[in-house]
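Peer 1: Numbering (this note's numbering), first residue to last: 61 to 210.
Glycine included, each C-beta is placed from N, C-alpha and C at the ideal position.
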């Protein structure tokens with residue numbers, strides 16, 4: 061199988077434009093990309109590695125690259141049990157830009173997380189999203205579960 065990096069780049073740009081629109085961020089694809097990356101990186105920190113591998117198996121190549129970029133598998137997962145802690149982890153992955161990207165608001169940050177998981181349903185099966193939900197701590201299951209119904 062030949063790798064077609066131009067095709068991956070084109071698909072990635074198309075995805076990012078549409079995701080930016082879904083996030084209601086105008087044309088700010090940079091901000092959308094930072095938010096997407098931060099949400100995916102926070103997720104991979106709290107779910108089991110095996111679940112991450114099943115998750116990315118369903119993703120197109122450009123999303124796989126975002127998910128695994130900088131990934132170091134750790135034996136101990138952070139103790140994230142509540143949405144506020146997850147949002148803090150998302151902001152941590154966003155770095156200094158988090159102040160502007162999430163507007164100092166947990167409500168905005170949570171809406172971005174919810175929209176991200178809704179949007180990922182285009183690429184990841186409902187069954188896999190359900191498996192990820194099952195791997196989450198009790199108080200975080202809602203960020204996936206609420207978005208599974210159509």
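(1) Which residue marks the beginning of the alpha helix (DSSP H) containing residue 72, and which one marks its end?
(2) Mapping DSSP to helix, strand and coil, what is residue 167?
(3) Near residue 92, which residues of its chain fall below 7 Å by C-beta distance, leaving aside the five closest residues on each side in sequence?
(4) According to the neighbour-count rule (16 or more other Cβ atoms, all chains shown, within 10 Å of its Cβ), is residue 177 buried or exposed?
(5) Given the structure, does residue 65 come close to the ligand SAM, in the sense that its CB is under 7 Å from one of the ligand's heavy atoms?
(6) Just to confirm the assignment, what range does the alpha helix (DSSP H) spanning residue 160 have?
(7) Can you confirm whether the stretch 67-76 touches the stretch 161-172 when touching is taken to mean that 3 or more C-beta pairs between the two stretches lie within less than 8 Å?
(8) Rounded to the nearest angstrom, what separates residue 125 and residue 131 at their Cα positions?
(9) Count the C-beta pairs between the stretch 197-206 and the stretch 170-188 that are closer than 8 Å, then say yes if the count reaches three, no if not.
(10) Specify the secondary structure class of residue 184 as computed by DSSP and reduced to three states.
(11) Three-state secondary structure (DSSP) at residue 132?
(12) Give the straight-line distance between the Cα atoms of residue 108 and residue 87, rounded to the nearest whole angstrom.
(13) Taking DSSP as the reference, what is the three-state secondary structure of residue 154?
(14) Within the continuous alpha helix (DSSP H) that includes residue 114, where are the two ends?
(15) Helix, strand or coil for residue 140, going by three-state DSSP, please let me know.
(16) Who are the near neighbours of residue 121 in its chain, counting only those whose CB is closer than 7 Å to its CB and skipping five residues on each side?
Peer 2: In terms of the structure at hand:
(1) Taken as a continuous stretch (DSSP letters only), the alpha helix (DSSP H) holding residue 72 covers 65-82.
(2) In the three-state reduction of the DSSP assignment, residue 167 falls in the helix class, which pools H, G and I.
(3) Same-chain partners within the cutoff: 76, 79, 80, 83, 85.
(4) Burial call: buried.
(5) Looking for the ligand SAM in the displayed structure turns up nothing, as the structure carries no ligands at all.
(6) Per DSSP, residue 160 belongs to the alpha helix (DSSP H) from 158-161.
(7) Taking a contact to require three or more Cβ pairs closer than 8 Å, the stretch 161-172 and the stretch 67-76 do not qualify as touching.
(8) Going by C-alpha positions, residue 125 is about 10 Å away from residue 131.
(9) Three or more pairs of CB atoms, one per stretch, sit closer than 8 Å, so the stretch 197-206 contacts the stretch 170-188.
(10) If DSSP states are grouped into helix, strand and coil, residue 184 belongs with coil.
(11) Shown here, residue 132 sits in coil according to DSSP, grouped into three states, outside any helix or strand.
(12) Taking the straight line joining both Cα atoms gives about 34 Å.
(13) In the three-state reduction of the DSSP assignment, residue 154 falls in the helix class, which pools H, G and I.
(14) Start and end: 109-117.
(15) Residue 140 carries a coil assignment under DSSP once its states are collapsed to helix, strand and coil.
(16) Once the five neighbours on either side are set aside, the close Cβ partners of residue 121 are 68.
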